[in-house]
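First the structure, in the form of structure tokens, and then the observations on it.
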Amino acid sequence: MAVTDTRPQPSYQWIEHISATNFGIIALALIMPVLANDFILFQVFGWAFILGTIALSLQFLAGYGGMVSLLQMTVAGLAGYGVALFGDSGAALSLGWPWWLNIPVAIIVAGIFATLVGALAVRTEGIYTIMITLAIASAFFYFARQNYPIFNGYTGFNLVIPPQLFGVDWRQPVPFYYLTLGAATLSFICVLYVSRSPFGLALQGVRDNPRRMAALGFNVTMHRIYAYTFASFFASIGGILLVWQNAQVSPGTVGLPNVFDILVIAVVGGLRHPIGPFIGALIYCVLRAFAPDILLAFGLSGERFKMLIGLGFLAIVFWSPDGVLGLWDRWKARRSANADPLTGKARGGSA
Amino acid sequence: MTMTDTAADRLGSASSGNALELRGVTKLFGALAALTDINLTVRPGERRAVLGSNGAGKTTLFNCVTGDFLPTNGSIRLFGEDVTSFPPQERIRRGLRRTYQISLLFGGLSVIDNVYLACRGVSRGRFSMLRPRRNDTLMARAAELIEAVHMTPLKDTMVRNLAYGQQRQLEIALALSGAPRLILFDEPAAGLSPTERSELIAILMGLPGHIGYIIIEHDMDVALRVATSVSMMHNGRIFKEGSPEEIENDPEVQELYLGGGHG
Ligand SMILES: Nc1ncnc2c1ncn2[C@@H]1O[C@H](COP(=O)(O)OP(=O)(O)OP(=O)(O)O)[C@@H](O)[C@H]1O
Ligand SMILES: [Mg+2]
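Listed in order, the protein sequences are those of chains F and Z.
The opening position of the first sequence corresponds to residue 1 in the UniProt record's numbering, with each subsequent residue numbered one higher.
The opening position of the second sequence corresponds to residue 1 in the UniProt record's numbering, with each subsequent residue numbered one higher.
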């Protein structure tokens with residue numbers, strides 16, 4: 001309990017104060033292409049920013065709204081299908097609309113879908129929200145696999161690539177790194193900003209006490225539904241980037257393993273703050289990239305990396321229900337407990 | 001009931017301009033009748049105490065007025081408007097407020113955010129995604145309300161870390177937000193220290209004259225000081241109404257209510 005006390009209260013500034021540590025992280029992110037090779041830029045960081053953005057939409061719903069939705073990967077996949085269907089792809093089905101039309105339409109379609117499912121899901125609480133969104137996610141997977149007129153069935157769409165805007169090939173590692181970094185950063189700032197707006201505050205009120213919110217004049221149901229709509233925007237952005245990264249979208253994109261991975265990423269990182277999903281995604285992508293090699297070095301099958309992730313998930317949930325963010329808070333609390341209240345510096349052992 | 005009856009009813013209550021009017025309100029929980037045929041009229045600005053033993057149905061009465069529960073039977077009028085089937089937020093937006101017997105607050109938010117939400121709930125821009133500016137009027141209003149309940153030093157404290165008495169005070173600040181016309185206080189003094197109790201009485205007596213309230217209070221001394229009229233409840237019924245003096249001197253009341261510990 002004491003852990004939460006030490007957190008400085010968020011203020012009503014335009015955006016939170018940027019500390020020296022945060023400044024260092026930003027600088028590091030910007031010069032990363034000089035430090036890292038193409039594989040790391042594209043497969044680790046690019047992918048982590050994408051998965052983090054999708055998981056961010058879950059963090060918004062679960063962390064601020066108390067609604068654990070397993071729908072976010074499905075919304076992301078639907079937006080990805082959208083750009084494939086409305087834009088260009090290797091499939092004859094694609095309509096070939098220009099990027100400035102197919103991207104917004106894909107996001108709007110995914111937003112309408114999320115709103116409708118949200119309207120169903122908000123009538124349930126806790127485990128039932130998880131079940132209903134899981135049921136819809138899995139139904140969507142089977143539907144996409146069997147439907148040929150829209151989703152092109154089992155094969156899906158290949159050759160779905162980003163538009164050659166400003167003459168840049170955005171799928172090259174360095175441009176793709178900056179593209180995903182930019183999208184992730186903007187999404188992060190947007191969620192952080194809205195969390196202190198009337199809409200975001202009221203959502204947190206709904207999370208803490210829906211009955212009291214109604215007794216203050218709020219329409220709790222509408223607030224929850226709008227939260228699904230708002231969150232779908234970030235899921236869609238992530239979904240479109242994901243499809244561009246893989247240059248394809250198929251039923252596997254919205255399969256249940258991916259649906260659960262988003263939940264694991266958000267929970268491991270921490271649901272309390274929008275930075276959590278990005279921490280979780282980075283851990284996940286680093287493990288995915290290097291765990292097979294490490295396992296092989298120990299003479300184990302490289303296929304076992306999922307087990308490693310599962311164990312990590314177990315450990316985090318066991319030690320810190322607040323994810324990595326919770327561990328960080330505890331560490332900071334311990335440090336400030338050791339600090340001299342006057343100077344703020346660490347106390348000597350004798351003092 | 002004929003058509004003319006209901007029309008006359010509607011006209012009657014509109015012209016009488018009562019703050020609250022309950023007609024034949026009954027609430028059943030399964031076989032248990034928590035409220036039976038309650039008729040209650042509260043004029044604008046009236047301050048009424050509701051007294052009654054544990055389980056008399058006082059909180060249930062509040063829940064029916066705010067819309068937390070729908071009554072099994074009967075009608076509820078708020079400022080002349082039939083609100084019987086309105087959801088809670090619609091009644092709140094018409095000037096009704098309440099506090100809860102067991103504090104219902106937002107533990108994960110700070111004191112100022114709690115009050116800010118209460119101010120926001122009855123104004124426009126509930127869905128606004130723009131952060132309040134430095135000179136935001138609702139934020140300033142929230143700070144005033146916190147000052148009114150003497151909690152300014154605790155403005156940025158997370159509510160789940162407040163002491164019990166402070167949470168009760170914050171309940172009052174939430175109920176005062178916006179432009180209340182009728183407030184329902186559910187045992188606001190329960191568990192308060194004598195100092196906090198007299199502070200509460202001062203806050204209630206200091207409310208502007210146009211704000212009426214109904215207060216549920218076990219402590220007869222508090223109730224009779226802050227109220228101008230009293231309703232006595234027992235077993236889901238109102239069995240006596242009158243001025244504080246009448247109630248205090250009523251032999252039936254003395255036997256039923258005061259006979260116990262207050263004698
Ligand atoms: N949600 C509910 N479901 C079932 N029964 C309820 C419910 N709420 C209240 N009751 C019952 O209705 C009766 C009246 O309860 P109520 O809470 O209104 O009493 P009260 O006068 O406020 O009592 P107290 O002084 O203890 O607060 C009690 O018998 C109670 O058990
Ligand atoms: Mg009660």
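Cβ coordinates follow ideal geometry from the N, Cα and C atoms, glycine included.
Continuous alpha helix (DSSP H) stretch holding residue i: start and end
| i | result |
| --- | --- |
| F/Ile-54 | 47-59 |
| F/Leu-241 | 220-246 |
| F/Ala-289 | 276-297 |
| Z/Arg-91 | 88-92 |
| Z/Leu-40 | From DSSP, Z/Leu-40 is part of no alpha helix (DSSP H) but of the beta strand (DSSP E) over 32-42. |
| Z/Arg-120 | 111-121 |
| F/Arg-212 | 210-214 |
| Z/Asp-250 | Where Z/Asp-250 is concerned, there is no enclosing alpha helix (DSSP H), given that its DSSP letter is neither H nor E. |
| Z/Asp-221 | 220-226 |
Under the three-state DSSP convention, the category residue i falls into
| i | result |
| --- | --- |
| Z/Lys-155 | coil |
| Z/Arg-48 | strand |
| F/Asn-152 | coil |
| F/Gly-118 | helix |
| Z/Gly-24 | strand |
| Z/Ser-13 | The pLDDT assigned to Z/Ser-13 is 44, lower than 50, so where the model puts this residue is not dependable; a value taken from the coordinates is nonetheless given after this. Correct three-state label for Z/Ser-13: helix. |
| Z/Ala-7 | Summary for Z/Ala-7: the model assigns pLDDT 46, below 50, so the residue's position carries little reliability, and this model does not support an answer. |
| Z/Tyr-213 | strand |
| Z/Asn-135 | coil |
| F/Val-249 | strand |
| Z/Asp-82 | strand |
Cβ-heavy atom distance, residue i to ligand 1, below 7 angstroms
| i | result |
| --- | --- |
| F/Phe-313 | no |
| Z/Thr-60 | yes |
| Z/Ala-56 | yes |
| Z/Ala-34 | yes |
| Z/Gly-52 | yes |
| Z/Phe-239 | no |
| Z/Phe-29 | yes |
Whole-angstrom distance between residue j and residue i, CA atom to CA atom
| i | j | result |
| --- | --- | --- |
| Z/His-210 | Z/Pro-251 | 33 angstroms |
| F/Thr-6 | Z/Gln-166 | Note that F/Thr-6 scores 40 on pLDDT, short of 50, meaning its location in the model is unreliable; the coordinates nonetheless yield the value given after this. Approximately 20 angstroms between the Cα atoms of the pair. |
| F/Gly-200 | F/Val-191 | 9 angstroms |
| F/Val-117 | Z/Phe-239 | 50 angstroms |
| Z/Asn-135 | Z/Val-149 | 22 angstroms |
| Z/Ser-53 | Z/Glu-187 | 12 angstroms |
| F/Asn-209 | Z/Ser-110 | 14 angstroms |
| Z/Asn-235 | Z/Glu-255 | 16 angstroms |
| Z/Pro-71 | F/Leu-203 | 29 angstroms |
| Z/His-262 | Z/Ala-33 | Confidence at Z/His-262 is low in this model, with a pLDDT of 43, below 50, so the placement of that residue should be treated as unreliable; the coordinate-derived value is given next. Using only the alpha carbons, I get a separation of about 28 angstroms. |
| F/Gly-126 | F/Val-68 | 7 angstroms |
| Z/Val-215 | F/Tyr-128 | The residue you asked about is not Val; residue 215 of chain Z is Ile in the sequence shown. Between Z/Ile-215 and F/Tyr-128, the C-alpha separation is close to 38 angstroms. |
| F/Phe-42 | F/Leu-179 | 11 angstroms |
Short Cβ contact (8 angstroms threshold) for residue i with residue j
| i | j | result |
| --- | --- | --- |
| F/Leu-308 | F/Leu-327 | no |
| Z/Ile-112 | Z/Ala-140 | no |
| Z/Ala-175 | Z/Ile-183 | yes |
| F/Val-243 | F/Ala-144 | no |
| F/Ala-247 | F/Ile-189 | no |
| F/Phe-298 | F/Thr-53 | no |
| Z/Pro-208 | Z/Arg-97 | no |
| F/Ala-184 | Z/Pro-87 | no |
| Z/Ala-118 | Z/Ile-146 | no |
| F/Gly-66 | F/Arg-207 | yes |
| Z/Leu-35 | Z/Thr-41 | no |
| Z/Arg-47 | Z/Gly-212 | yes |
| F/Thr-74 | F/Ala-137 | yes |
| F/Leu-296 | F/Phe-305 | no |
| Z/Arg-23 | Z/Gly-74 | yes |
| F/Leu-58 | F/Pro-277 | yes |
| Z/Phe-106 | F/Gly-312 | no |
| F/Ala-281 | F/Gly-270 | no |
| F/Tyr-228 | F/Ala-114 | yes |
Residue i CB to nearest heavy atom of ligand 2 below 7 angstroms
| i | result |
| --- | --- |
| Z/Gln-101 | yes |
| Z/Asp-37 | no |
| Z/Pro-136 | With the sequence shown as reference, residue 136 of chain Z is identified as Asp, and Pro is not the correct amino acid for it. No - ligand 2 has no heavy atom lying nearer than 7 angstroms to the Cβ of Z/Asp-136. |
| Z/Asp-186 | yes |
Limits of the beta strand (DSSP E) - the one that residue i falls within
| i | result |
| --- | --- |
| Z/Met-232 | 229-234 |
| Z/Phe-239 | 237-242 |
| Z/Ser-75 | 73-78 |
Residue-chain proximity (residue i, chain B), Cβ-Cβ < 8 angstroms
| i | result |
| --- | --- |
| Z/Phe-79 | This model lacks chain B altogether; the protein chains it does include are F and Z. |
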